[in-house]
Amino acid sequence: NRVGLGNSTTLRIAGDMTISWWQKVNMMPLIGDHKIVVSWAAFGESEEANFLYNNGIENDGGSIKFMAFHEYDAGINDVVLSATEVDADVWTHVAIVRNSNAMTYQFLINGVSEPAQAYTANPTGGTIGSASIGNADPQYSPYFEGSLDDIRIYNRALNSTEINALYSTGGWPLPDTTPPAAPTGLA
């Protein structure tokens, strides 16, 4: 199924972000195909219709990998695939971190961090898109076939400690990394 999340500007993220989820894949994509978990998309080859994020799994010549995808300028694709292969019928925790200053994606699979991978340019446009889970658009893209749970979209790059908390403890609450305020009014 597809869940439309609407076109709230809160979910229109072109900068740093982290998307995490638990997945159990029932049906792998065919060679050259993909299955979408979380997306901000519209369709067309203009900048305002760009994908700001489109994350899921992809069959890269017979090897199923986790995928981070976005577009810039007038629909130029930027795709990064994980080194880790996707297992079918196994619950797996996935986190994808986009660092827009370094222009990298980093995959953390079941709490294990892969090296950050560079992409060409930051996403641009996307002003007429909307967010969805399970499919970017029912008319054009393939549905994710399996189970999804605890999908989270952050408008910042979570660090590995925060992601490991999502993986190992169910993730809530995230660890408090704010130092305490100095006490006042002491005599």
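Okay, so the sequence shown: first residue is 27 according to the working numbering, each after it adds one. A virtual CB, placed ideally from N, CA and C, is assigned to each residue, including glycine.
A straight line joining the alpha-carbon of V116 with that of G211 spans about 55 Å. Under the three-pair Cβ rule at 8 Å, the stretch 90–99 does not count as touching the stretch 181–194.
Residue pairing from DSSP places M43 in a beta bridge opposite R124.
Within the same chain, Cβ atoms closer than 6 Å to the Cβ of A109 are found at E140, the five residues on either side in sequence being excluded. Collapsing the DSSP output to three states places Y193 in a helix. Collapsing the DSSP output to three states places S158 in a strand.
Burial is judged here by how many other beta carbons sit within 10 angstroms of a residue's own beta carbon; N81 has at least 16 and is buried. Per the Cβ contact rule, the stretch 149–158 is not in contact with the stretch 131–139 (fewer than 3 Cβ pairs under 8 Å).
The continuous beta strand (DSSP E) containing F92 extends over residues 89–98. Between W48 and D176, the gap from beta carbon to beta carbon is short of 8 Å.
Ranked by Cα distance from A142, the options N185, G30, N103, E73 are led by N185.
A direct Cα-Cα distance of roughly 40 Å separates N161 from P205.
Taken through DSSP and simplified to helix, strand or coil, S186 comes out as helix. Considering only G87, G41, G30, the residue with the shortest C-alpha distance to I57 is G87. Taking C-alpha positions only, D99 is separated from T146 by approximately 11 Å. Cα atoms of A208 and R182: separation of roughly 27 Å, rounded to the nearest angstrom.
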